Amino acid sequence: MSPCATQYTSREPASEQQRINEYSSMVVLKQAVQLGVKEQLQVADKKIKEKIRHKFFAAGNKQAADDGSGS
433 MSPCATQYTS
443 REPASEQQRI
453 NEYSSMVVLK
463 QAVQLGVKEQ
473 LQVADKKIKE
483 KIRHKFFAAG
493 NKQAADDGSG
503 S
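Per this note's numbering, residue 433 is the first one in the sequence shown, and the count goes up by one each step.
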C-alpha cells in the first residue's frame, strides 16, 4: 500500500462521513422546502415529541402510583 493511500484512509473517512451526513441533511431540508412541507415536518416532529413525553409521564405516574400503593 502506498503512503498516500494510508494517509487518505487514516484521515479522510471521518471528515468524508461528516460531509456526507451534512449534505444528506441539507438535501432533505431543501427538498422539504421545495415541496412546501417544512412546516408540516416541524409540526409532525413536535406532535411526535409530545406523544413520547406524554407516554413517559404516564408510565412514570403509573409506576409511582404502583410503588405508593404497596406501602
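Just so you know, even glycine gets a beta-carbon here, dropped at the ideal spot from N, CA and C.
All values derive from a computational prediction rather than experimental measurement.
1. Assuming the contact rule is C-beta atoms closer than 8 Å, residue 470 and residue 464 should be a hit. Round their C-beta distance to whole Å, please.
2. Give the secondary structure of residue 469 by DSSP, where H, G and I count as helix, E and B as strand, and everything else as coil.
3. Going along the chain, which residues of its own chain have a beta-carbon closer than 7 Å to the beta-carbon of residue 485, five neighbours each way excluded?
Result, derived from the coordinates:
1. 5 Å
2. coil
3. none
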